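Okay, so here's the structure we're looking at.
2 protein chains.
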Amino acid sequence: MAERYFEDFTVGESIELGSVQISAAEIIAFAEQFDPQPFHLDPARAEGSVFGGLIASGWHTAGLYMRLFAEGVLNRVPSFGSPGIEQLRWLRPVRPGDTLRARFTVLEVRPSTSRPDRGIVRSRGEMTNQDGEVALSLEATNFFGRRPSDPA
Amino acid sequence: MAERYFEDFTVGESIELGSVQISAAEIIAFAEQFDPQPFHLDPARAEGSVFGGLIASGWHTAGLYMRLFAEGVLNRVPSFGSPGIEQLRWLRPVRPGDTLRARFTVLEVRPSTSRPDRGIVRSRGEMTNQDGEVALSLEATNFFGRRPSDPA
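In the order they appear, the protein sequences are chains B and F. Mapping to this note's numbering: the first sequence position 147 is 147, numbers consecutive. Mapping to this note's numbering: the second sequence position 92 is 244, numbers consecutive.
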């Protein structure tokens, strides 16, 4: 059952989504499947790269945000998917052992003009590391179901 | 060894990056790790969703583009990472059995003003399904190494 509906989100509201730690093994496993660049795959070659050591694929960091966003927000509302993302930014390298804390902040809410059952929520997502540095930010657009009206 | 350098990319150039087929098992495995929404995780619940069946996480489709982009472009140049992505768009649902063909098109090239060893390449990435429909598009920014000058 939905805990919240489109109407319950207000501009400026932030929700802390919890945190996740990332290991070298996870970084390498992700890179093997989705981003086989030497600085994501191979600690020795990563040492000699511009990053000076193994770093996570930015898509991996985005996926970790997505998991926390799904668990903390999307799976608690009627969710009708997303048309896309703006301004996906990889601001700091993410390294083995880093702990990333996720936060969701509402940027804009507006009812859909074409679909009366839903509204559009635009949000900023951020992942901040254990040193307080923002490692990832993005702007997401999502369709959330509106609160069913009481039978009159 | 690098096959290409920053100087070898020209605006308007397109590179076909090959294709990949996606299975229900892969869709579910990705969703369990990174996007645990019912329409990505559970065929039965996906049937009853707005999508009418299981669909891939948009982050999964993006990761498949990334793999083909890394293999076909990034691992053939001196690559210094990426600051981020604009206009990531999930234009069509991706379903089990779909085959996605990736294409990279150069939108802009410019030398870095702060780092003489590299240039900035902005590109459009697209994944097109077996019916010729664009399922994913994005605009990527990447730093590519410049061709070493001949010793004079």
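No residue lacks a Cβ here, since even glycine has one placed at the ideal position from N, Cα and C. Every value quoted in this text rests on a predicted model; they were computed, and no experiment measured them.
In chain order, what residues of the same chain lie with their CB nearer than 8 Å to the CB of residue i, ignoring the 5 residues before and after it?
{"i": "glycine 81 (chain B)", "result": "Asn142 and Phe143"}
{"i": "arginine 89 (chain B)", "result": "Leu136, Ser137 and Leu138"}
{"i": "proline 268 (chain F)", "result": "Arg298"}
{"i": "isoleucine 207 (chain F)", "result": "Ile179, Phe191, His192, Ala198, Pro245, Val246 and Arg247"}
{"i": "leucine 64 (chain B)", "result": "Val20, Ile22, Leu100, Ala102 and Met127"}
Can you have a look at residue i and say buried or exposed, based on whether 16 or more other CB atoms are within 10 angstroms of its CB?
{"i": "aspartate 250 (chain F)", "result": "buried"}
{"i": "arginine 131 (chain B)", "result": "Correcting the residue identity first, residue 131 (chain B) is aspartate in this sequence and not arginine. Per the 10 Å Cβ criterion, exposed."}
{"i": "alanine 198 (chain F)", "result": "buried"}
{"i": "alanine 140 (chain B)", "result": "buried"}
{"i": "glutamine 173 (chain F)", "result": "exposed"}
{"i": "methionine 66 (chain B)", "result": "buried"}
{"i": "threonine 113 (chain B)", "result": "exposed"}
{"i": "leucine 252 (chain F)", "result": "buried"}
{"i": "arginine 103 (chain B)", "result": "buried"}
{"i": "alanine 222 (chain F)", "result": "buried"}
{"i": "leucine 74 (chain B)", "result": "buried"}
{"i": "glycine 119 (chain B)", "result": "buried"}
{"i": "valine 273 (chain F)", "result": "buried"}
{"i": "serine 79 (chain B)", "result": "buried"}
{"i": "glycine 125 (chain B)", "result": "buried"}
{"i": "leucine 107 (chain B)", "result": "exposed"}
Note down, in chain order, each residue of its chain lying with its Cβ closer than 6 Å to the Cβ of residue i, except the 5 sequence neighbours on either side.
{"i": "histidine 60 (chain B)", "result": "Phe30"}
{"i": "alanine 300 (chain F)", "result": "The amino acid occupying residue 300 (chain F) in the given sequence is proline; alanine does not appear at that position. Taken in chain order, the list of residues that qualify is empty."}
{"i": "serine 154 (chain F)", "result": "It is worth fixing the name first, because residue 154 (chain F) is alanine in this sequence and not serine. The answer, listed in chain order, is Val229 and Pro230."}
{"i": "glutamate 86 (chain B)", "result": "Glu139"}
Could you pull the DSSP bridge partners for residue i from this structure?
{"i": "threonine 265 (chain F)", "result": "DSSP, once it has assigned bridges, lists no residue as partnering threonine 265 (chain F)."}
{"i": "isoleucine 237 (chain F)", "result": "B:Leu88 and F:Ala292"}
{"i": "threonine 251 (chain F)", "result": "F:Gln173"}
{"i": "arginine 122 (chain B)", "result": "B:Glu108 and B:Thr141"}
{"i": "isoleucine 167 (chain F)", "result": "F:Phe256"}
{"i": "methionine 127 (chain B)", "result": "B:Ala102 and B:Leu136"}
What does a CB cutoff of less than 7 Å around residue i pick up in its chain, not counting 5 residues either side in sequence?
{"i": "glycine 236 (chain F)", "result": "Thr293"}
{"i": "leucine 41 (chain B)", "result": "Ile28, Ala31 and Glu32"}
Closer than 8 Å by beta-carbon distance: list the chain D residues that pair up with residue i, in chain order.
{"i": "glutamine 189 (chain F)", "result": "Looking for chain D here will not work: the only protein chains present are B and F."}
Selection of the region 276–295 of chain F by Cβ proximity to chain B, strictly under 8 Å: Result list empty, no residue passes.
Within the region 194–231 of chain F, ranges of the alpha helix (DSSP H) (whole runs, at least 4 residues): Runs found: 195–199 and 210–224.
Pull out every residue of the region 80–93 of chain B whose Cβ sits closer than 9 Å to any Cβ of chain F, in chain order. The region 80–93 of chain B vs chain F, Cβ under 9 Å: Phe80, Gly81, Ser82, Pro83, Gly84, Ile85, Glu86, Gln87, Leu88, Arg89, Trp90, Leu91 and Pro93.
Relative to chain B, which residues along the region 260–275 of chain F have a C-beta separation below 7 Å, given in chain order? When C-beta distances to chain B are compared with 7 Å, every residue of the region 260–275 of chain F stays at or above that value.
Residues from the region 206–219 of chain F in contact with chain B, defined by Cβ distance under 8 Å: Hits within the stretch, in order: Ser209, Gly210, Trp211, Ala214, Gly215, Leu216, Met218 and Arg219.
Contacting positions in the region 154–172 of chain F - beta carbon closer than 7 Å to chain B: Listed by position along the chain: nothing, the set is empty.
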